[in-house]
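Notes to accompany the following structure.
In my numbering, the protein residues as written are 32 to 381.
Here it is in structure tokens:
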């Protein structure tokens, strides 16, 4: 199977599953498309083998997914299955494409028009250009403000001016600029996203509901901002929305499985909803991550395991007492676990 086809299907399916997953249109990809830098479909696998730059490798994933999306939109999902069947029989990809769609020339023309349409629709009201240092000195705050006054839709100027205002703790003036930036270009991801600055501004201004709304907007488009998910879990835990905490913890875990934060909130949400069984796995994972307070984790594990795995629960209670011999709750739990079970007849009589 050609690499572009397998990668394209994977990225396309990721996007279908969640709007923040997979490769998405970016200002850079938009420029690649509008500047005619797409690789012809018949040679698309070469984009992975001899890319112009690391950015072009990532763009190859995105373009491949767009080809798959175009095929599904215009020829149906069955088209993908039919092409896969032909590939399994050793038929060359371009022949399979023509067999189940149109000629390669027509396919290329249609796909190019489709891609250009997506690129032109992306942040269509925003000015995505970044001025050169000759046009505006990036270290001169007044010069940036002046540039923004002349270019009110320029995303770079809006975000840079906002960042300067946030740095000065002038959150009131930063809010409308950040809201304008997001309105003009809603899918701003990665470092320097206006969503993060706007959420902080609302937090500093004592506006928790507004902060939560911004964080949720951001989470809908961002798949790897662990600080975002960490803050969202903190906010939802304060609101005691444990279902939301569990959902966010799983997304955090998928982005960074070695961070203790996700496991901590998984265990907390399960504990708060009375699901002892669901606390066991995250607590065990936390113990593997060199925790600052292993005593508490061993005790919580012992408590969670007491009814189902008393032997393992006893070991964790002993480990808690090993580091904290006067831990009363652990002593009481160990005493209960050490008591022999009553005979079957006696237990039945009770």
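All C-beta atoms, glycine included, are put in the ideal place defined by N, C-alpha and C. Remember, it's a predicted structure, so these values are computed and weren't measured experimentally.
Measuring CA to CA, which of 90, 32 and 171 is closest to residue 112?
By one-based count along the chain shown, residue 112 stands at place 81. The residue with the shortest Cα to Cα distance from residue 112 is 32.
In chain order, what are the residue ranges of uninterrupted alpha helix (DSSP H) at least 4 long that sit wholly in the stretch 109 to 196?
Runs found: 124 to 131, 135 to 152 and 172 to 181.
Mind reading off the beta-carbon distance from residue 146 to residue 64? Whole number of angstroms is fine, and I expect it under 8 Å.
Position 115 of the chain shown, counting from 1, holds the residue named residue 146. Position 33 of the chain shown, counting from 1, holds the residue named residue 64. That belief holds up - the Cβ atoms of residue 146 and residue 64 are roughly 5 Å apart, short of 8 Å.
Helix, strand or coil for residue 252, going by three-state DSSP, please let me know.
By one-based count along the chain shown, residue 252 stands at place 221. The answer is coil: DSSP assigns residue 252 none of H, G, I, E or B.
Under the three-state reduction of DSSP, which class applies to residue 201: helix, strand or coil?
On the chain shown, residue 201 is found 170 positions in, with the first residue counted as 1. If DSSP states are grouped into helix, strand and coil, residue 201 belongs with coil.
Could you check if residue 310 is buried or exposed, using at least 16 other CB atoms within 10 Å of its CB as the buried criterion?
As a working mapping, residue 310 is identified with position 279 in the chain shown. Residue 310 is buried by the Cβ-count criterion.
How about residue 326 and residue 351: are their beta carbons less than 8 Å apart?
Taking the chain shown and counting its residues from 1, the one referred to as residue 326 is at position 295. Taking the chain shown and counting its residues from 1, the one referred to as residue 351 is at position 320. The answer is yes: Cβ separation under 8 Å.
What's the gap between the Cα of residue 290 and the Cα of residue 279?
Locating residue 290 in the chain shown gives position 259, counting from the first residue. Locating residue 279 in the chain shown gives position 248, counting from the first residue. Those two C-alpha atoms are separated by around 14 Å.
Please state the DSSP three-state secondary structure of residue 267.
Within the chain shown, residue 267 is the residue found at index 236, counting from 1. DSSP places residue 267 in helix when its eight states are reduced to three.
What did DSSP end up calling residue 365 once you bin it into helix, strand or coil?
Indexing the chain shown from 1 puts residue 365 at position 334. Of the three classes helix, strand and coil, the one that applies to residue 365 here is helix, per DSSP.
So, residue 277 versus residue 297, is the Cβ gap smaller than 8 Å?
For this step, residue 277 is matched to residue 246 along the chain shown. For this step, residue 297 is matched to residue 266 along the chain shown. Yes, Cβ-Cβ distance for residue 277 and residue 297 is below 8 Å.
Go through its chain and collect everything with a Cβ distance to residue 365's Cβ below 6 Å, but skip five positions before and after it.
Residue 365 sits at position 334 when you count from the first residue of the chain shown. Correct list, in chain order: 348.
Does the Cβ of residue 288 have 16 or more other Cβ atoms within 10 Å, making it buried, or fewer, making it exposed?
Mapped onto the chain shown, residue 288 falls at position 257. Counting Cβ neighbours within 10 Å, residue 288 comes out exposed, since fewer than 16 surround it.
Measuring CB to CB, does residue 189 end up less than 8 Å from residue 165?
Residue 189 sits at position 158 when you count from the first residue of the chain shown. Residue 165 sits at position 134 when you count from the first residue of the chain shown. Contact flag unset, no.
With residue 144 and residue 215 assumed to form a contact (beta carbons below 8 Å), what rounded beta-carbon distance in angstroms separates them?
Counting from 1 along the chain shown, the entry for residue 144 is found at position 113. Counting from 1 along the chain shown, the entry for residue 215 is found at position 184. Between residue 215 and residue 144 the Cβ distance is about 25 Å, and since that is not below 8 Å, they are no contact.
Cα separation between residue 286 and residue 130?
Start at 1 with the first residue of the chain shown, and residue 286 comes out as number 255. Start at 1 with the first residue of the chain shown, and residue 130 comes out as number 99. Their Cα atoms are separated by approximately 40 Å.
Could you tell me whether the Cβ atoms of residue 100 and residue 43 are closer together than 8 Å?
Here the question's residue 100 lines up with position 69 in the chain shown. Here the question's residue 43 lines up with position 12 in the chain shown. A contact, by the Cβ cut-off of 8 Å.
Does the beta-carbon distance from residue 282 to residue 252 come in below 8 Å?
Along the chain shown, read from residue 1 onward, the residue named residue 282 stands at position 251. Along the chain shown, read from residue 1 onward, the residue named residue 252 stands at position 221. Result no, Cβ atoms of residue 282 and residue 252 do not sit closer than 8 Å.
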